[in-house]
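*Asks:*
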RNA sequence: CGGGGUGUAGCGUAGCCCGGUAUCGCGCCACAUUUGGGAUGUGGAGGUCGUAGGUUCGAAUCCUGCCACCCCGACCA
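Numbering (the numbering used here), first residue to last: 410 to 899.
1) Considering just the uninterrupted stretch of the beta strand (DSSP E) at residue 795, what are its terminal residues?
2) With a threshold of 16 other CB atoms inside 10 Å of the CB of residue 503, please say whether the residue is buried or exposed.
3) For residue 468, which residues from the same chain have a beta carbon less than 7 Å from its beta carbon, with the 5 sequence-adjacent residues on both sides left out?
4) Buried or exposed for residue 777, going by 16 or more other Cβ atoms inside 10 Å?
5) Going along the chain, which residues of its own chain have a beta-carbon closer than 8 Å to the beta-carbon of residue 674, five neighbours each way excluded?
6) Between which two residues does the beta strand (DSSP E) containing residue 879 stretch?
7) Within this structure, are the beta carbons of residue 401 and residue 646 separated by less than 7 Å?
8) Secondary structure at residue 730, three-state DSSP: helix, strand or coil?
9) If you compare alpha carbons, which of 774, 716 and 785 is closest to residue 753?
10) On the criterion of 16 or more Cβ atoms from any shown chain inside 10 Å, does residue 884 qualify as buried, or is it exposed?
11) Under the three-state reduction of DSSP, which class applies to residue 651: helix, strand or coil?
12) Is the separation between the beta-carbon of residue 446 and that of residue 435 shorter than 7 Å?
13) If you draw a straight line from the C-alpha of residue 437 to the C-alpha of residue 789, how long is it?
14) Within a Cβ cutoff of 6 Å, which residues of the same chain sit near residue 629, ignoring the five residues on either side of it in sequence?
15) Which residues in the same chain as residue 538 place their Cβ atom closer than 8 Å to its Cβ, once the five residues preceding and following it in sequence are excluded?
16) Among residues of its own chain, excluding the 5 on either side of residue 509, which ones have a beta-carbon nearer than 8 Å to its beta-carbon?
17) What are the start and end residues of each continuous alpha helix (DSSP H) run of 4 or more residues lying completely inside the stretch 750 to 787, in chain order?
18) Use the C-beta contact count for residue 440: other C-beta atoms within 10 angstroms, 16 or more gives buried, fewer gives exposed.
19) Give me whichever residues DSSP pairs with residue 503 in a beta bridge.
20) When you compare the CB positions of residue 839 and residue 867, do they come within less than 7 Å of one another, or not?
21) Just to confirm the assignment: which complete alpha helix (DSSP H) runs, minimum length 4, are found wholly within the stretch 424 to 499?
22) Check whether the Cβ atoms of residue 869 and residue 635 sit closer than 7 Å, and answer yes or no.
23) Based on DSSP bridge pairs, tell me the residues matched to residue 745.
24) Taking all protein chains shown into account, decide if residue 463 is buried (16 or more other Cβ within 10 angstroms of its Cβ) or exposed.
25) Please classify residue 398: is it buried, with 16 or more other beta-carbons within 10 angstroms of its beta-carbon, or exposed?
26) Is the stretch 678 to 692 close to the stretch 602 to 612, with three or more CB pairs under 8 Å?
27) Does the stretch 697 to 712 come close enough to the stretch 761 to 771 that 3 or more CB-CB pairs lie under 8 Å?
28) Hey, would you say residue 850 sits closer than 7 Å to residue 893, going by beta carbons?
29) Please identify the residue among 669, 649 and 454 whose C-alpha is closest to the C-alpha of residue 548.
30) Can you find the residues in the same chain that come closer than 7 Å, C-beta to C-beta, to residue 479, ignoring five residues on each side of it along the sequence?
31) Output needed for residue 411: all residues of its chain with C-beta closer than 6 Å, excluding positions within five of it in sequence on either side, in chain order.
32) Is the stretch 719 to 728 in contact with the stretch 824 to 835, if contact means three or more CB pairs nearer than 8 Å?
33) Quick test of your reading: residue 472 and residue 563, contact by CB under 8 Å. State the CB separation rounded to the nearest angstrom.
34) Taking only three categories from DSSP, how would you classify residue 899?
35) Take residue 485 and list the residues in its own chain whose beta-carbon comes closer than 6 Å to its own, dropping the five residues that flank it on each side.
36) When burial is assigned at 16 or more other CB atoms within 10 Å of the CB, is residue 420 buried or exposed?
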């Protein structure tokens with residue numbers, strides 16, 4: 410099957426592509442810029458969905474669904490929002506096809522839509538147009554709604570999971586009576602995201618806010634969590650926006666307060682996407698393939714029998730059947746791979762490629778000794794373990810792997826936040842070390858833009874609770890009150 | 001959207017300059033021997049050579065248009 414993958418040092422970006430394809434997560438589709446998410450990749454997404462969905466429900470949110478299509482005029486209502494998305498919108502102009510008489514199917518020019526429809530790149534406009542009808546009084550607030558959906562952004566260059574023309578995500582859209590409450594909500598959801606990414610995906614993040622340049626089109630404040638990939642590039646793993654009253658004003662959404670006065674509603678929106686799968690891959694995986702943290706793994710433990718002849722297999726299988734019951738009782742997702750069409754070595758390599766956290770091999774020798782061979786994916790080490798009490802051992806091992814992955818990523822991240830005090834040093838660090846560079850910035854969009862043009866690095870975020878410290882901007886030498894995190898990013 | 005490149009079996013490729021219906025490897029199928037890290041042998045199946053047209057007795061090969069993909073820019077929360 411020749412499933413060799415390119416090593417990370419040879420070509421990191423090819424390594425990434427190889428993992429996605431060879432771990433069977435996704436593939437390019439017949440449609441330009443759009444991917445097919447394969448069952449193994451989708452299983453990871455489903456796992457992410459179910460955990461996040463529970464977290465959203467626990468913080469008081471409900472799911473709903475809004476249309477895929479948005480009337481073009483809605484878009485124009487919020488000026489900065491249009492500017493942000495105009496260049497990457499798919500537009501529906503007709504609603505019918507016809508036969509041209511020569512056996513070709515063509516667009517029926519007589520079926521032109523009176524108003525073109527935009528395929529949603531995000532749903533703020535259609536949602537705020539809807540909320541207008543839901544909100545009259547402070548008693549109708551807050552509205553805490555989330556939707557799981559697909560969106561389309563017509564990107565020029567795409568990468569599986571990281572940037573595709575269509576992708577899956579969730580978008581939360583909330584409406585509040587006060588500014589404070591809306592800000593609190595957007596911060597709360599940022600922390601929900603950080604909690605998920607760190608504790609489930611085992612990827613450490615920096616929580617912060619975006620500079621004006623990087624802010625969401627239409628937001629007053631964009632909060633984000635930034636993660637660091639193994640090649641030293643940053644990846645925005647989630648964003649949460651305080652939208653102020655911008656959309657309420659654009660769609661005329663007002664409510665009557667306790668005091669009887671009419672006021673515009675305060676808004677937030679927040680989202681994470683299938684891009685998280687890209688983050689997962691680039692944070693943990695190695696040259697043998699994908700590495701999935703146990704808490705997100707669709708299969709946590711795979712059992713591979715090693716046998717000669719059906720008689721040996723039967724003995725092993727009856728033991729495994731009992732073991733599976735015990736593992737499931739501990740909540741462990743287990744798979745027994747007794748396919749006779751593949752040899753053990755092949756299976757070992759396959760599950761390594763697919764990132765299964767723990768592999769158990771059981772052969773005749775083990776059956777005689779009352780042992781199994783346990784191999785962990787994160788360290789690629791093997792141990793012989795007693796069958797007795799195996800379920801407890803595995804439960805602890807899975808937790809240990811989860812922790813180890815996080816610690817490893819955290820260690821890498823922390824050793825890749827470097828201070829730079831001059832522009833020369835800044836550029837050298839970017840080229841030679843990568844990672845986040847903590848540097849003083851004069852706070853102006855112009856300076857950020859120039860640094861971006863000259864170095865391809867952007868301000869990833871201004872960390873929350875950022876220590877205040879007097880200094881001078883690395884580019885302009887103007888006074889600065891704090892350092893911000895720069896990096897080259899995905 | 002600019003500049004460059006590539007399209008040949010599921011995947012990776014040879015052939016193209018110098019025109020004669022296609023090479024090799026992996027994978028796939030069958031059988032046998034195998035099974036503690038990607039098995040081996042024997043046999044077999046699989047191709048509108050991206051697509052449309054042109055030149056020619058004859059086109060994977062030469063010419064033109066189109067499409068797709070890749071790389072570099074531009075663009076991108």
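For glycine and all other residues, C-beta sits at the position ideal for the given N, C-alpha and C.
*Replies:* Put simply:
1) Position 386 of the first chain, counting from 1, holds the residue named residue 795. Where residue 795 is concerned, the enclosing beta strand (DSSP E) stretches over 790 to 795.
2) Within the first chain, numbered from 1, the residue matching residue 503 stands at position 94. With fewer than 16 Cβ atoms within 10 Å of its Cβ, residue 503 is classed as exposed.
3) By one-based count along the first chain, residue 468 stands at place 59. Cβ within range, chain order: 597 and 601.
4) If you number the first chain from 1, residue 777 lands on position 368. With fewer than 16 other CB atoms across the displayed protein chains lying within 10 angstroms of its CB, residue 777 is exposed.
5) The count along the first chain starts at 1 and reaches residue 674 at position 265. The residues are 540, 544, 550, 584, 585, 586, 654, 657, 662, 663 and 664.
6) For the purposes of this step, residue 879 is taken as the residue at position 470 of the first chain. Its beta strand (DSSP E) spans residues 877 to 881.
7) The shown model of the chain, from 410 to 899, leaves out residue 401, and the question about it has no answer.
8) In the first chain, counting from the first residue as 1, residue 730 sits at position 321. In this structure, residue 730 counts as helix in the three-state DSSP scheme.
9) Counting from 1 along the first chain, the entry for residue 753 is found at position 344. Nearest option by C-alpha distance: 716.
10) Locating residue 884 in the first chain gives position 475, counting from the first residue. Residue 884 should be labelled buried.
11) Looking up residue 651 in the first chain gives position 242. Reduced to three states, the DSSP call for residue 651 is strand.
12) Numbered from 1 along the first chain, position 37 holds the residue referred to as residue 446. Numbered from 1 along the first chain, position 26 holds the residue referred to as residue 435. Yes.
13) Taking the first chain and counting its residues from 1, the one referred to as residue 437 is at position 28. Taking the first chain and counting its residues from 1, the one referred to as residue 789 is at position 380. Each residue's alpha carbon lies about 30 Å from the other.
14) In the first chain, counting from the first residue as 1, residue 629 sits at position 220. Cβ neighbours of residue 629 beyond the five flanking positions: 651 and 653.
15) Translated into positions along the first chain, residue 538 becomes position 129. So the qualifying residues of the chain are 483 and 660.
16) Residue 509 sits at position 100 when you count from the first residue of the first chain. 515.
17) With a minimum length of 4 residues, the continuous alpha helix (DSSP H) runs that stay inside the stretch 750 to 787 are 753 to 763 and 773 to 778.
18) As a working mapping, residue 440 is identified with position 31 in the first chain. Residue 440 is exposed by the Cβ-count criterion.
19) Along the first chain, one-based indexing puts residue 503 at 94. Partner(s): 521.
20) Indexing the first chain from 1 puts residue 839 at position 430. Indexing the first chain from 1 puts residue 867 at position 458. Against a cut-off of 7 Å, the Cβ pair of residue 867 and residue 839 comes out as no contact.
21) Uninterrupted alpha helix (DSSP H) stretches at least 4 residues long and entirely within the stretch 424 to 499 occur at 448 to 467, 481 to 484 and 488 to 494, given in chain order.
22) Taking the first residue of the first chain as position 1, residue 869 is located at position 460. Taking the first residue of the first chain as position 1, residue 635 is located at position 226. The answer is yes: Cβ separation under 7 Å.
23) Translated into positions along the first chain, residue 745 becomes position 336. 712.
24) Sequence index remark: in the first chain, residue 463 carries index 54 (1-based). Answer is exposed; the Cβ neighbour count stays below 16.
25) Any question about residue 398 goes unanswered here, given that the chain covers just 410 to 899.
26) yes
27) Result yes; three or more Cβ-Cβ pairs closer than 8 Å.
28) Here the question's residue 850 lines up with position 441 in the first chain. Here the question's residue 893 lines up with position 484 in the first chain. Their beta carbons are under 7 Å apart, which means residue 850 touches residue 893 by this criterion.
29) As a position in the first chain, residue 548 is number 139, starting the count at 1. The residue with the shortest Cα to Cα distance from residue 548 is 669.
30) To locate residue 479, count along the first chain from 1; it is residue 70. Closer than 7 Å at the Cβ level, and outside the excluded window around residue 479, lie 526, 527, 529, 534 and 535.
31) Locating residue 411 in the first chain gives position 2, counting from the first residue. Note that residue 411 scores 43 on pLDDT, short of 50, meaning its location in the model is unreliable; the coordinates nonetheless yield the value given after this. Hits under 6 Å: none found.
32) no
33) Here residue 472 refers to the residue found at position 63 when the first chain is read from its first residue. Here residue 563 refers to the residue found at position 154 when the first chain is read from its first residue. So it is not a contact: roughly 27 Å between Cβ atoms.
34) Stepping through the first chain from its first residue, residue 899 is reached at position 490. If DSSP states are grouped into helix, strand and coil, residue 899 belongs with coil.
35) Looking up residue 485 in the first chain gives position 76. Cβ neighbours of residue 485 beyond the five flanking positions: 491.
36) Indexing the first chain from 1 puts residue 420 at position 11. Per the 10 Å Cβ criterion, exposed.
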